[in-house]
Amino acid sequence: MPPSRRLTRVAVLVLEGAKPLDVGIPAQVFSTRASMPYEVRVCGAEPGLVTGGDGLSYTVAHGLEALEWAEIVFVPGYRFPDREEPPPAVVEALLAAHDRGVRLAAISTGAFALAATGLLDGRRATTHWHYTRALAEKHPRIRVDENVLFVDEGSVLTSAGAASGIDLCLHIVRADLGVAASHHAARRLVAAPYRSGGQAQYVPRSVPEPLGERFAATREWALHRLHARLTLEDLARHAGVSERTLSRRFVEDTGYTPMQWVLRARIDVARELLERSQRSVEQIASDVGLGTGANLRLHFQRILGTTPSEYRRTFTRGR
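Position 84 of the sequence shown, counted from 1, bears residue number 84 in full-length UniProt numbering, the numbering being contiguous throughout.
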C-alpha cells in the first residue's frame, strides 16, 4: 500500500443478538492489509459486552462514536428483528451518519435496523428470505425484493442471508478499488469472485434442482473461452440441455440470461486488464471476445456508465 494512501474507515455495529458470521464477514473482508486500504472498528450501542446470537457474545471497544468516525457502517443481522426495535440512540446515530454521507450497509436481518431509521422507505431492499415477508409487513413503504442477493441504493445497501454478505462486501470493494482488488479478496476468502446482486437467493424448493452443478461447470467452461465466439447453442450443448431450459435456469441461478452473463464476464475481464496491464483498448477488446474497441466502449458505457479510458485513469491513479 502506498504510504500516502489513506485508509477508508469501516465500522461494524454489533447489536444485541448479533449473528457471529454476519459480524465476522465485514470485519474480515475489510481488515487492513496491503491489498485492502481499510481500517475496521467493531462497536456497539456502548462499549463493553454485547450478548450475541447462537451462544456467542462480543466485547466491543467502541460505542456509537465509531459511527462519527466511519465512512462505511455495517449492521450485521441479529435475532428476532421482527419483534424488537433497535435502541433509539442507535437509530439516531445511523441517521446522523447518513446525513454526513456515510454509506450504511446491512447484512441479513440488519436491514430491520436500517428500516427503523426510515432510510429504506421508498427504496428497494432485501433481507434473509425467511424474513422478507416480515420486513414488508412491518415497513410497507419499503419495496422488499426477496429474489436478490443484495441491493445497492447508493447510500444504503442491504443483503440477504449471511453468505450474501460476502457478495455485498466484494461489491463494495469492486466499486472502491476495482475488479483486481475484489478478485484478490475473493481468492483470500475462497469465495466466488462475483455473484450479481440480481442473482436469486437460495430459498427452499419443493422439487430438487439437479442442474445447478452442471450449469456451474458450464459457466467455468465459458470463462476460459471468453476470447472466442460463444453462442447460446454452445452453452446449451456443454450443459446438455435445451437452449430454452438453459435460458430459464440461467436467469434463476444468476439473475442474467446466458448471453448477458457472458457479456458481463467479458466486461469484468476487460476491467481487470485495464487496471493491471498497459494493453490498448483495441487489444483488450480482442482479448475478451468483443472484437473492436468501439464495441468495448459501447458495452462499457452501457453497463458501467463510463469509458474504458476513464475507468483506467480512475483505478490506476496514484499507483
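Glycine included, each C-beta is placed from N, C-alpha and C at the ideal position.
For histidine 238, the three-state secondary structure derived from DSSP is helix. Secondary structure note for serine 182: it is in no beta strand (DSSP E), and the uninterrupted alpha helix (DSSP H) holding it is 179-189. Taking 9 Å as the cut-off, the Cβ atoms of histidine 128 and serine 108 count as close. Here the C-alpha atom of cysteine 169 lies approximately 22 Å from the C-alpha atom of valine 91. By the Cβ neighbour-count rule, glycine 122 is exposed, with fewer than 16 other Cβ atoms within 10 Å of its own. DSSP places alanine 61 outside both helix and strand once states are collapsed to three, so it counts as coil.
In the DSSP assignment, glutamate 68 is bridged to no other residue.
Under the rule that a run must span 3 or more residues, the beta strand (DSSP E) segments found entirely inside the region 3-45 read 8-13 and 38-43.
In this structure, valine 12 sits near proline 76, with a CB-CB distance shorter than 9 Å. Inclusion of alanine 191 and alanine 217 in the CB contact set at 9 Å is not warranted, their separation being larger than that value. Between the alpha carbons of arginine 279 and leucine 273 lies a gap of roughly 7 Å. For threonine 132, the closest of Asp145, Ser164, Pro37 and Arg141 by C-alpha to C-alpha distance is Asp145. Each of Asp82, Glu84, Ala66 and Arg83 was checked against the Cα of alanine 93, and the nearest Cα belongs to Ala66. With contacts defined as CB atoms closer than 9 Å, aspartate 176 and threonine 8 qualify as a contacting pair. Leucine 56 sits in coil when the DSSP states are folded into three classes, being neither helix nor strand.
Note on geometry: alpha-carbon atoms of histidine 299 and isoleucine 267 lie some 8 Å from one another.
The shortest C-alpha to C-alpha distance from proline 81 to any of Ala113, Thr245 and Leu21 is the one to Ala113. Following the DSSP letters along the chain, one finds valine 148 in no beta strand (DSSP E), marked with neither H nor E. For valine 102 and arginine 225, the gap between their C-alpha atoms comes out near 40 Å. Ranking Ala162, Ser247, Arg271 and Phe150 by CA distance to the CA of histidine 183 puts Arg271 first.
Residue environment for alanine 294: exposed (fewer than 16 other C-beta atoms within 10 angstroms of its C-beta). Closest by C-alpha distance to valine 23, out of Thr257, Val42 and Thr158, is Val42. Cβ contact annotation for threonine 158 (same chain, cutoff 6 Å, sequence separation greater than five): Ala106, Ala111, Ala125, Thr126 and Val151, in chain order. For the options Ala96, Ser164 and Ala116, the alpha carbon positioned closest to that of isoleucine 25 is the one of Ser164.
Boundaries of the alpha helix (DSSP H) harbouring alanine 89: 88-99, taken from the DSSP string.
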